[in-house]
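Quick note, the sequences are listed as chains A, B and C, same order.
This note's numbering applies: residue 1 is where the first sequence begins, and numbers increase by one.
This note's numbering applies: residue 1 is where the second sequence begins, and numbers increase by one.
This note's numbering applies: residue 1 is where the third sequence begins, and numbers increase by one.
Even glycine gets a Cβ: it sits at the ideal position worked out from N, Cα and C.
Because the structure is a prediction, the values reported are computed rather than measured.
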Amino acid sequence: MEMNRPVTSETNHGNLKRWGQYALLLVLTVIVLGPFLLGLWTSVMPTAEISKGALWSTHISLDNYITAITTTPILRYLLNSLVISTVTMLFQVLLCSMSAYAFVFLKFRYRKQLFMVFLITMMLPFEAEVIPNFSTVRNMGLLNHYAAMIIPFLTAAFGTFMLRQTFMQMPVELKEAADIEGLSHWQFYSQLAVPYAKISLMTLAAYSFLSSWNQYLWPMLTTFSDNFRPVQDGLRQLQGQESFNNWGMIQASAAIVVIPTLIILFIGQHYFKAGLNEGAVK
Amino acid sequence: MKIRYQRWWLGLALLLIVLPLGACARTQAASRTQIVFWHEMTGPGQDQLKQFAKEFNASQDKYQVVPQYEGSYNEAVQKILHTHGTSASPAVFQSMDVSTSQLYHAHVATPMQKFIDKDNFDVNQISPVARAFYSQGGKQISMPFNTSQPVLYYNASVLKRLGIKAPPVDPSYSDITRVAKAISTKSHGKIKGLTVEEYGWLFEQFMANSDEHLANHEDGRTGIPTKVHLNTPGTQEAMKWVKSNIKSGDFIDYGAGGQAESNEIAAFLAGKLGIFIQSSAYISQLLAGTKDQLGITYYPHRNGKPANGVAIGGASLWIGNDKPKDVQQGAWKFVQFVMSAKAQAQWQAATGYLALNKDSQAQPILQKLYQKYPAAQVPSQQLARIKANTANSGVFMEGVIQERNLTQTAMAQIYNGTPIDKALAIAEKGLNDAVANTNRANHYK
Amino acid sequence: MLESLPKHTNPEEPSKELVPVGLNSATEWRKDRLYVALFLGPSLLILSVFVFWPMLKTMYLSLFLTDNFGHASVFVGFSNYLNLFKNPAYLSSLGATFVYVIAVSILTIILGMVLAVVAQQHLKGIRFFRTLFSSTMGISVSVAAIFWLFAFNPSVGVFAQISQALHLPEINWLADPHFALLAIIMTTVWMNLGFTFLILFGALQQLPSSLFEAAEIAGVSKTAQFFKISLPLISPTLFFVLIVTLIEAFKSFGLIDLMTVGGPNNATNLLVYRVYQDAFLNGNYGLASTESVILTAIIAAITLIQFKLLGKRVSY
């Protein structure tokens, strides 16, 4: 992935230029990371000093983290989010790949029209449908339960669309050979189509996990106790119930939430980048 | 390859089954009857409620009260209405003063009077002013629980340091302007003189204190309101007062909502703000948060006119009618528990909400508090001198949350330069439209 | 095994040709129908219940006044719509939303592009910087709000401290109607940066280096190379980023809820927040449904434009 562009010959001028480039990189890094670093820094400072406006303290400690973990349900929120996002992700990968398969390899009447119907759902924002959806999950008896935050998102038109593109690139000969060998659709799907679309499936998995993890409005409307509240709304809860700001503890909670995602992101960055670009350029 | 993928499916299936189950298992408590208690208390109030639940749970072995914070007062009302009849609904819930009419008409609660009668509970020990607020037709709808008075706070130490005479205990708008200006000038702008949060509740209090009705039919006490007034001489004068302070540069605007409250309190505690108007519920927090001496006065009133008195604010406790009998009974037991003289005294000491049980004042915890901080008595003194009338007993009307949003917006507009008349007229029209729609949609006429 | 698969040569080939022969017999058809039900059924069911039905219901509710329980009670035709477009508060929400959406999209793309170009440089340790640049992707809405709330705090925030130190007029970012929306825009752009950077960077990387070698030999300046070669070539990606950013911006809710609750003076009362406020705070479900329908119309229009352009690249 490294650049192949020729670099101008090494001179003093080049050296100077390089330092300039590093300086620019550093400035940009500070801009990008500034708010994050600031948050991280205040999370190790005593709240009393933060509220006096101090930006520097000699009393650096992990006390705020200990307070957050022992006195707030922050870990429970994380667990809830993990459960919701994982289940949503697994189902989306399964159901999207199945419907995408149907649109590519199964022949049925109104296939094109049905696909259009799928595409239309991408035009309807969930945020504009929360009122009837609230009634629906209420009538299903799912309020204040993981299911309310999972079931509406078991499938996604976007995922179906993306995987359909991938399946369409599968060589014709493969399907022909499979038919001759007498593979059923299920066998072809699970043994050939799914492995073929591995990268796309991973991208979809990452995408659906993150979007589920970042859900805010819907869980806020459908959860009423810490037993089910996911982490985004948990932070809202922690932030809201401090009537005068315990800044240190709040920042520590935010850091506790963000650090795992950052680690996952850095580890999975390679896959993610490849997948995103594939999706974007197509 | 085949085997590998089969394993993958197996893993998936297992995950799906195990994860939700594991999570549910934890929420199941032992054999006690669960009493889910929804509240909207933050900070020390929340801590004290948790403490109450703990003490109540330890005092008997039949019920388990589980307090759950449900966000702001405004958020809670719709949550209560929309979970009613589902497994997610609470057994006992706290709902704010101005939602009383709406919850009453929605028939989501068992009237408190029913429990009172059944157990011959002595209601006379509870403050009659507070009881009246949550009654209809002589029957108790809900139990007044946290009752506060809006008061004016000032940093007495700062005033002393700067050589400024403290405001009188029953100040007029210009009394406050004088002090705010002096703070700002003498501290060379380092300390801001005054803030008044953009908050509908405070707006309602300006009206109450000026002896003005917000809604017709005497604020809804004699019939369902059909018309509202927000643009009145009283509100005009209050807004002009704020504007004059903005103009002279001694006012700081923290905006609206929970953030605004946190920020103004943080600034006050850090000695960067001299005066602010807020609920008495913050007293204990303010006393604990600073070494500076805390000054408290009554709610400011119009120049040259006596104060009519402000309405009690706060919230009451309701028992949902969609739960089985034993759950309701447990909820009632908990309500009785938190209304005891001892609990109410603890409540006032921990927060600043007024103890509603008459016998609470004799409790050592309050006696000690008053000795140490005489100012802590100001809210109850303010309440005691009020002669109750329909203008200072709160608005009994549906859709008050809209009123709060509209007046809050009007305040924000005024603070930022919109002419007072215009801003108030917009809010008034908006609210009249909303009231007409509400009445029409619910077939009230 | 995967590696040995012959790569399909032309992805644009219509899918029809991929459908295997031998589907003619009646039994095959019936079998397929079973598979259609199995493969498509679950997704179709979910989408019907949670996407199509609620949209119809929302449209229906938008024609009614609703009672305390949110049930349609009085049919009012289009008067909810008319009232909204006469309501200055709603119009200002609409205006604020457009300002927000456009500002966020433009700033996100420009800043993302700056980062992407800078990250192209051939320097030691550049990979580390690339990772840092993409890091805001892992920051969710609540976390971002908490970090920035602190930065904007009027007493102890960094911005307040900087302006105090420099004797500049103090700005009360979140309480001043002139600045609150700007504060939300800054926060949103910051949150978007990581994702936008990754995509633009990837697109720049995929450009053939031979083009730039030739340009270098021809003496074309770096700036001209960027505007004349890179920018046109990655324009499809730019467009993709633009649409995604636009749509996401229209759906913004969390930052508003956490940072300004729609205030001050409705300056940050964007469309989704207004829906929430009217429905779940004010209990005015009919009006909120009307606002939902308008929001849907806007987002649907943008998505249609996207489909049109995608349609040129994608076969149906």
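| If you measure beta-carbon to beta-carbon, which residues of the segment 213-241 of chain A are closer than 9 Å to chain B? | Listed by position, the residues of the segment 213-241 of chain A near chain B (Cβ gap below 9 Å) are M220, L221, T222, T223, F224, S225, D226, N227, F228, R236, Q237, Q239, G240 and Q241.
| said: Considering Cα atoms alone, identify which of B:V242, B:F251, B:G295 and B:S284 is closest to H301 (chain B). | reply: In terms of CA proximity to H301 (chain B), B:V242 leads the group B:V242, B:F251, B:G295 and B:S284.
| Limits of the unbroken beta strand (DSSP E) element including S279 (chain B) | That run of the beta strand (DSSP E) goes L273 to S279.
| field | Of the residues B:G309, B:A307 and B:G271, the one placed nearest L294 (chain B), counting alpha carbons only | value | Distances from the CA of L294 (chain B) to each of B:G309, B:A307 and B:G271 were compared; the closest alpha carbon is that of B:G271.
| Where Y69 (chain B) meets chain A, residues with beta-carbon distance less than 9 Å | For Y69 (chain B), the neighbours in chain A by C-beta distance under 9 Å run, in chain order, D226, Q237, G240 and Q241.
| Hey, F209 (chain A) and M89 (chain A): beta-carbon distance below 7 Å or not? | For F209 (chain A) and M89 (chain A), yes; Cβs fall inside 7 Å.
| Are the C-beta atoms of N12 (chain A) and some chain C residue less than 7 Å apart? | Taking Cβ atoms only, chain C never reaches closer than 7 Å to N12 (chain A), which makes this a no.
| field | Range of the contiguous beta strand (DSSP E) that encloses T67 (chain A) | value | First-last for T67 (chain A): D63 to T71, but that is the alpha helix (DSSP H), not the beta strand (DSSP E).
| Distance CB(D292 (chain B))-CB(N442 (chain B)) smaller than 7 Å | The Cβ atoms of D292 (chain B) and N442 (chain B) do not sit closer than 7 Å to each other.
| If the cut is a Cβ gap below 7 Å, which residues of chain A does T438 (chain B) touch? | Those within 7 Å of T438 (chain B) in chain A number zero; the least Cβ separation is about 17 Å.
| Of the residues B:N146, B:A341, B:G330 and B:H39, the one placed nearest G360 (chain B), counting alpha carbons only | One point to set straight first is that residue 360 (chain B) is Ser, not Gly, in the sequence displayed. The residue with the shortest Cα to Cα distance from S360 (chain B) is B:A341.
| field | C-alpha gap between S292 (chain C) and N80 (chain C), whole angstroms | value | Annotation: S292 (chain C) to N80 (chain C) spans about 12 Å, alpha carbon to alpha carbon.
| message | If you measure between the beta carbons of W93 (chain A) and L265 (chain A), is that distance less than 7 Å? | response | Residue identity differs from the one stated: residue 93 (chain A) is Val in this sequence, not Trp. For the 7 Å CB-CB criterion, V93 (chain A) and L265 (chain A) do not form a contact.
| query | What is the DSSP secondary structure of I84 (chain A), counted as helix, strand or coil? | reply | In this structure, I84 (chain A) counts as helix in the three-state DSSP scheme.
| Is G112 (chain C) near L200 (chain C), with beta carbons less than 7 Å apart? | Taking the C-beta atoms as reference points, L200 (chain C) is found nearer than 7 Å to G112 (chain C).
| said: I want to see whether chain C comes within less than 7 Å of G39 (chain A), judged by CB atoms only; does it? | reply: Yes, contact with chain C.
| request: With a cut-off of 8 Å on the beta carbons, I'd call G314 (chain B) and Y353 (chain B) a contact; round off their distance for me. | output: Right, their Cβ atoms sit about 6 Å apart.
| Who are the Cβ neighbours of F134 (chain A) in its own chain at under 8 Å, not counting the five residues just before and after it? | Closer than 8 Å at Cβ, skipping near neighbours: L221 and T222.
| request: Report the neighbours of Y254 (chain B) on chain C: residues whose CB is nearer than 8 Å to its CB, in chain order. | output: Listed along chain C are P154, N172 and A175, each with a C-beta nearer than 8 Å to that of Y254 (chain B).
| In chain C, which residues lie with their C-beta within 9 Å of the C-beta of E428 (chain B)? | The contacting residues do not exist; E428 (chain B) stays about 13 Å from chain C at best.
| request: Enumerate in chain order the residues of its own chain whose CB-to-CB distance from N231 (chain B) is below 6 Å, with the five nearest sequence positions on each side excluded. | output: Excluding sequence neighbours, N231 (chain B) sits near L424, A425 and E428.
| request: Measure the alpha-carbon distance for T58 (chain A) versus E49 (chain A) and round it to whole angstroms. | output: Whole-angstrom Cα-Cα distance: 10 Å.
| query | Considering only the beta carbon of each residue, do N139 (chain A) and F228 (chain A) sit closer than 7 Å? | reply | Between N139 (chain A) and F228 (chain A), the CB-CB gap reaches or exceeds 7 Å.
| request: Look at the alpha carbon of S221 (chain C) and the alpha carbon of Q306 (chain C), and state the distance between them as a whole number of angstroms. | output: The straight-line gap from Cα to Cα measures roughly 34 Å.
| I184 (chain C) CB to nearest chain A CB: under 7 Å? | By this cut-off, I184 (chain C) is not an interface position.
| query | Is any beta-carbon of chain A found at less than 7 Å from that of A297 (chain C)? | reply | No, A297 (chain C) lies away from the interface with chain A (no Cβ there is under 7 Å from its Cβ).
| Excluding sequence positions up to five away, which residues of its chain have a Cβ less than 6 Å from the Cβ of A501 (chain B)? | Since the displayed chain B opens at 1 and closes at 445, residue 501 (chain B) lies outside it and no answer follows.
| field | Contact residues within the segment 197-217 of chain B, judged by C-beta distance below 8 Å to chain C | value | If the cut-off is 8 Å between Cβ atoms, the segment 197-217 of chain B has E198 near chain C.
| said: For T100 (chain B) and T110 (chain B), what's the separation of their Cα atoms in angstroms? | reply: T100 (chain B) and T110 (chain B) have their C-alpha atoms some 13 Å from each other.
| message | Just checking: is the beta-carbon of F108 (chain A) within a distance shorter than 7 Å of some beta-carbon in chain C? | response | It does; some Cβ of chain C falls within 7 Å.
| query | Hey, S142 (chain C) and Q232 (chain A): beta-carbon distance below 7 Å or not? | reply | For S142 (chain C) and Q232 (chain A), yes; Cβs fall inside 7 Å.
| request: Per DSSP, which residues does T297 (chain B) bridge with? Please list them. | output: Beta-bridge pairing links T297 (chain B) to B:L152.
| Buried/exposed call for W218 (chain A), threshold 16 Cβ in 10 Å | Buried, by the Cβ-count rule.
| query | Mapping DSSP to helix, strand and coil, what is F253 (chain C)? | reply | The DSSP-derived three-state label of F253 (chain C) is coil.
| Is N284 (chain C) buried or exposed, if buried means 16 or more other CB atoms sit within 10 Å of its CB? | It counts as buried.
| message | Just to make sure I have the definition right: I need the residues of chain B whose C-beta is within less than 8 Å of the C-beta of L174 (chain A). Which are they? | response | Listed along chain B, no residue sits closer than 8 Å to L174 (chain A) by beta-carbon distance, the nearest being about 15 Å off.
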